[in-house]
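Colleague: Input: one structure, supplied below.
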Amino acid sequence: ADPTTHAVGEIGLDYFRNLSPPEAQREAFDRQLALAARRGLPVLVHDRDAHDGVTAALLAWTGRQGRVGRGVMHAFSGDAAMARALAASGFLISFALPVTFHSAAGPRAAAGALKDGQFLVETDAPYLGPDRARRNEPTTALRVAAELARLRDTTPEQIVEAISRSYALL
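Counting in our numbering, the sequence shown runs from 6 upward without gaps.
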């Protein structure tokens, strides 16, 4: 393996546009997870409208390894139960700008359900912008962290400390 390779990703399932049959996506995802296991690398996981399939694949993967996984759930859009199950299996839950939207009930509940050291902040710039007319920018990570602080009834400084601990786990 190339020593400059630090993770396998972005891998996962995307049932939003149905560009590939779910079975083909699941087979490719399983192969990518197996590659990560062979190389001892964490995974960066994409999940769009495929919560059950992604959760099942990741829990099966960690079960086959007989240990917790290592990886990040990119731009998490699931609910609190999914976040807790994946965090218990070793995955970090990464929140992007949608967690600041009041309509994002699942991610907002998940943000409050996790322990410090189980979550990250990201932007997914230029995607997932503040609205459909504007692109996302790296500075929105500050908005995400501030919203996590509000949802978790803590300070932005404590969120930054928790995120630093999370990154150290990778």
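Backbone N, C-alpha and C define an ideal beta-carbon position, used for all residues, glycine too.
Specify, as a first and last residue, the run of the beta strand (DSSP E) that Gly58 falls within.
Modeller: Taken as a continuous stretch (DSSP letters only), Gly58 belongs to no beta strand (DSSP E), being part of the alpha helix (DSSP H) at 56–70.
Colleague: My understanding is that Glu74 touches Gly95, with C-beta atoms under 8 Å, so please give their C-beta distance in whole angstroms.
Modeller: For the record, residue 74 in the displayed sequence is Gly; it is not Glu. 4 Å between Cβ atoms; contact.
Colleague: For a test of your reading of the model: does the CB of Leu174 fall under 7 Å from any non-hydrogen atom of the ligand GDP? Yes or no.
Modeller: What this structure holds is no ligand at all, so the ligand GDP is not there to describe.
Colleague: Comparing C-alpha positions only, which one of Ala92, Tyr20, Pro112, Ala118 sits nearest to His51?
Modeller: For His51, the nearest C-alpha among the options comes from Tyr20.
Colleague: Relative to the C-alpha of Ala92, which candidate in Ser169, Thr60, Ala109, Pro103 has its C-alpha closest?
Modeller: Comparing Cα positions, the closest option is Thr60.
Colleague: By how many angstroms is the C-alpha of Ala101 removed from the C-alpha of Val77?
Modeller: So the two alpha carbons sit approximately 12 Å from each other.
Colleague: Can you give me the start and stop residues for the alpha helix (DSSP H) that Gly111 sits inside?
Modeller: Counting along the chain, the alpha helix (DSSP H) containing Gly111 begins and ends at 110–118.
Colleague: Determine the direct distance from the alpha carbon of Ala12 to that of His107, and round the result to whole angstroms.
Modeller: Approximately 32 Å between the Cα atoms of the pair.
Colleague: What runs of the alpha helix (DSSP H), each 4 residues or longer, lie entirely inside the segment 127–164?
Modeller: Complete alpha helix (DSSP H) runs here, min 4: 145–156.
Colleague: Closest to Ala146 by CA distance: which of Val104, Ser171, Val48 is it?
Modeller: For Ala146, the nearest C-alpha among the options comes from Val104.
Colleague: Specify the secondary structure class of Arg36 as computed by DSSP and reduced to three states.
Modeller: Looking at Arg36 - three-state DSSP - the assignment turns out to be helix.
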